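Below is one structure, written out as C-alpha cells, with a few remarks after it.
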Amino acid sequence: MSVILQTRGLSRSFSGLRAVHEVDFDLPQHKIRALIGPNGAGKTTFVSMLIGRLPPSSGSITFEGRDVTALPAPKRVGLGMAYTFQITSVFGKLTCHENVALAAMRRLGGDTAAVDAEVREALTRVGLADRAADVAGDLSYGHQRLLEIAMGLAQRPRLLILDEPTQGLAESEIADFKALIRALKAETTILLIEHNMSVVMELADRVTVLNFGEVLAEGTPEEIHASRAVQAAYLGTGTEEASC
Amino acid sequence: MSARYYWGLHLGLIALLFAGHFVLPAYQHGNVARIMVLAVYAMGYNIAFGYTGLLSLGHAMFFGAGMYGMGLLSYHFDAGALPAMAAGIVAGAMLSLVVGLLALRTAGVSFMIVTLMFSQALAMTLVYFRDITRGDEGFVIPSATRRLWGMDLSDEAHRYLIAWGLFSIVLIFTLWLVRHRWGRVFVALRENEERASLLGYDAFRTKLGALVISGTISALSGAAYALLFGYAGATFAGVQYSIFPLLWVLLGGAGTVLGPFVGALFMFYLIDLSSGVTDAYMLIAGVALVLLTLFLPQGLVGEVKRRLWRDLP
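Residue numbers (our numbering), protein chains in the order written: chain H, 1 to 244; chain R, 1 to 313.
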C-alpha cells in the first residue's frame, strides 16, 4: 500500500509553547484517516503545516514521494492537496456557483463548459444544487460548510483535508455527509479532523489521536475506542492532566 | 441576466458616444472627448482597486509615465504619434512591473503609503530634471507628433474619434477581462486572499499581473491625454491625479465595468456646472460627494448592480 503523505519529526512551537511536537505520520492512499484529540491538542496546527498555511519549526513533509516542506500553499494545492477550513472561509459576496467555479477553474482552465459541469456535480453531491445562484454569505452556517466541501471536491484532490466538516450540520446533513465521504474513498485519500465520534467511528479506516501536540495513539476505530490512554486524555482522569 | 444583455448595455454606450460625435454642441463635444480619455485612466485604476482590491494612492505615476514616455520622445526626438504612444505605454508597463514587485510585498495601508511614496518620487524627479522635462511648466507636444495617418490630432473631430476608439477598446477589454478566469481570480483575491491561495492561486503573481494591466492602461490614458490635448506637465503626475481615479471609481461604482466612465462623467459635470454658479464650486462638489457617499456607498452603477442587476460585470 503506497503512502501518499508522510511527516517526520514535524514540530511547531508558538513562542515556546509546543503546539505540535515530533510527529511522525503516515497516510496510505485511498484510506480515510480521522485525526482526533481534545481541544488544543494541535490538530489544526498540524494540518495547517500539511497544507502550507503555517511553516513548521522543524521536521519534514513528503507528499507522493516529494519533499514539500518548503513549498508555499498554492504549489501544494497544485500538486493535488486540498483543504477545507474549520472556520468557514467561503467568498461571501460571490454566488455558490462562483465559489465552486473558482475551485474548479485552476485545474480546468478556461474550459467554461467543463467548469460548469464540475460545479454542478460538486454542488449536487453536497446537496446544494438548487442554491447555485444564491450568494454564499446568505447561506446558513451548515450550508456554508457544505459549500466548503463542494469547493474541496471540485478540485478533484489526491488528498482532501477536511477540518471539522460536520460542525454545525444538522443530523440529516451529517448522514448525507457520511454517504458522500464513503463514496469519495474510491477517488481520493481523506484526512478528517472530527469531533463527532459517530462520524469517526463509521467512516475512518484508522484513527490518529493527538494530545499535547504528540501522537498519543493510532489504530482502528475499535482499538481507539477501547484505549484507556485515549479515554484518559479525553476525560481528563489520567496523570497527563496533572503535568499541564 | 444573460450575456446578451450586458454586451448590449456596454456596446450601447459605445454607440451612444459615437452618435455624440455628430450631435453634441462644440463645448460638450470637447468635454466628452476629455472625459473618455480620463475614463480610460479610471478603468485602468478600477482593475487594480475595484476588481483586485489593491488600493493604490500612486496611480498618477503610471498616468505620468505614459504622458512623459510619450511626450519626451516627441519633444526631444520628434517621434511620430505611434512610436511616441508606444513609448508611453511601455514606460507605464515597465514602471508598474517594478513598482509592483516592490510594493506588493506590502498590503493594505502599507501598500497605500508605498504607492503614494513611489508616485511622489516620480513627480519630484520630473520637476528636478528640468533640463529634460521642463520641470513645473511642462511642455507643449510638438505638432509633428500630433499627426496620424494624415489626420491633425489637434482637430476637434479627430480628437473625439480617437478618444472614442481608445475608450471603446479599453471598455471591451475590461468587460472581457473581468469575465475571463483571470478577472474572476482578481475578485477572489479581493474577497478572500487566503482562501484563493488555498485554491491554488498564486496571490503575488496574480496581483502583479493585475497591477501591470492597470498601470499599462493608466499609461495609455496619460499618453493619449498628452497626444490629444497637446501638453505634458508635472501636475499630471502629482498626488491630485492619484486621487481623481479613486474618486471617479468610487462615485461610479468600484468593480463595475461602466462605473469608471459614469464616475468621471458625473464629477466632470459636477465641477463644470457648479463653477458656473459660484466661485466656491468645490463646496458644492464636496457636499454632493458627501451625499453620494452617504446614500449611494456602492457608487452610481454599483447601486444599480446591488439593487437591480446582481450579475452586472
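Note that beta-carbon positions come from the ideal geometry of N, C-alpha and C, so glycine has one too.
Remember, predicted model here, so these are calculated numbers, not experimental data.
Own chain partners of residue 215(R) with C-beta closer than 6 Å, once the 5 adjacent residues on each side are dropped:
62, 92 and 96
Closest to residue 154(H) by C-alpha separation, out of 106(H), 89(H), 10(H) and 19(H), would be which residue?
106(H)
Which residues share a DSSP beta bridge with residue 18(H)?
13(H)
Extent of the continuous beta strand (DSSP E) run through residue 130(H):
First-last for residue 130(H): undefined, no H or E at that position.
Using beta carbons (cut-off 7 Å, strictly below), is residue 201(H) in contact with chain R?
no
So does the segment 99-118 of chain R actually touch the segment 42-61 of chain R, counting three or more Cβ pairs closer than 8 Å?
yes
Please list the partners that residue 103(H) has in chain R, where partner means a Cβ-to-Cβ separation under 9 Å.
199 and 200
Counting only the same chain and skipping the five closest in sequence on each side, list residues whose C-beta sits under 7 Å from that of residue 48(R).
Hits under 7 Å: 54, 56, 210, 211 and 214.
My output table needs one value for residue 29(H): the three-state DSSP class, helix, strand or coil.
Collapsing the DSSP output to three states places residue 29(H) in coil.
For the segment 178-198 of chain R, which residues have a CB atom closer than 8 Å to at least one CB atom of chain H, in sequence order?
180, 181, 184, 185, 187, 188, 191, 192, 194, 195, 196, 197 and 198
Would you mind telling me which residues of chain R sit closer than 8 Å to residue 93(H), beta carbon to beta carbon, in chain order?
191
So, does the segment 70-77 of chain R touch the segment 98-105 of chain R, judging by three or more C-beta pairs under 8 Å?
Segments in contact, no.
Taking a Cβ distance cut-off of 7 Å, strictly less, list which residues of the segment 58-89 of chain H are near chain R, in chain order.
73, 74, 77, 78, 83 and 89
Sequence-distant residues of its chain with Cβ nearer than 8 Å to residue 184(H) (five each side left out)
153, 160 and 190
Touching by the beta-carbon criterion (3+ pairs, under 8 Å), the segment 74-83 of chain H and the segment 38-51 of chain H:
yes
Spatial neighbours of residue 144(R) within its chain, please: CB distance less than 6 Å, with the 5 preceding and 5 following residues excluded, ordered by chain position.
78
Contiguous alpha helix (DSSP H) assignments of at least 4 residues, all confined to the segment 235-289 of chain R:
240-252 and 259-277
Identify each residue in the segment 19-33 of chain H for which the Cβ-Cβ distance to at least one residue of chain R is less than 7 Å, and report them in chain order.
none
Excluding the 5 residues flanking residue 325(R) on each side, which residues of the same chain have their C-beta closer than 7 Å to its C-beta?
Residue 325(R) is absent from the structure shown; chain R starts at 1 and stops at 313.
Using 10 angstroms around the beta-carbon of residue 141(H), count the other beta-carbons present and answer buried if the total reaches 16, otherwise exposed.
Using a 10 angstroms sphere on the CB of residue 141(H), the tally of other CB atoms stays under 16, which defines it as exposed.
Contact residues within the segment 30-55 of chain H, judged by C-beta distance below 8 Å to chain R:
51 and 53
Own chain residues within Cβ distance below 7 Å of residue 243(H), not counting five before or after:
Note that residue 243(H) scores 40 on pLDDT, short of 50, meaning its location in the model is unreliable; the coordinates nonetheless yield the value given after this. Within the same chain, residue 243(H) has no close Cβ partners at all.
Coarse secondary structure for residue 218(H), derived from DSSP in three states:
Correct three-state label for residue 218(H): strand.
Do residue 96(H) and residue 169(H) have their C-beta atoms closer together than 7 Å?
It is not a contact, given that the beta carbons lie outside the stated cut-off.
Whole-Å CB distance - residue 301(R) paired with residue 259(R), under 8 Å assumed
4 Å
I need the straight-line Cα distance from residue 68(H) to residue 228(H), nearest angstrom please.
35 Å
Using a threshold of 7 Å, state whether the C-beta atoms of residue 32(H) and residue 204(H) are closer than that.
Contact: yes.
Starting from the beta carbon of residue 106(H), find every residue of chain R whose beta carbon is closer than 9 Å, and list them in chain order.
181, 185, 199, 200 and 201
Of the residues 19(R), 125(R), 249(R) and 149(R), the one placed nearest residue 332(R), counting alpha carbons only:
With chain R represented from 1 up to 313, any question about residue 332(R) goes unanswered, as that position is not in the structure.
Integer Cβ distance of residue 177(H) from residue 166(H), believed to fall under 8 Å
6 Å
Could you compute how far the alpha carbon of residue 209(H) sits from the alpha carbon of residue 71(H)?
27 Å
Starting from the beta carbon of residue 142(H), find every residue of chain R whose beta carbon is closer than 9 Å, and list them in chain order.
The premise fails here: residue 142(H) is roughly 19 Å from chain R at the closest Cβ pair, so nothing lies under 9 Å.
Please identify, using Cβ separations under 7 Å, the residues of the segment 208-237 of chain H that lie next to chain R, in order along the chain.
none
How far does the alpha helix (DSSP H) with residue 245(H) in it reach, from first residue to last?
In this structure chain H extends from 1 to 244, so residue 245(H) is not present and cannot be described.
With a threshold of 16 other CB atoms inside 10 Å of the CB of residue 181(R), please say whether the residue is buried or exposed.
Classified as buried, residue 181(R) has 16 or more neighbouring CB atoms from the shown chains inside 10 Å of its CB.
Run through chain R and tell me which residues come within less than 7 Å of residue 110(H), C-beta to C-beta.
Contact annotation for residue 110(H) against chain R: 181 [CB-CB distance below 7 Å, chain order].
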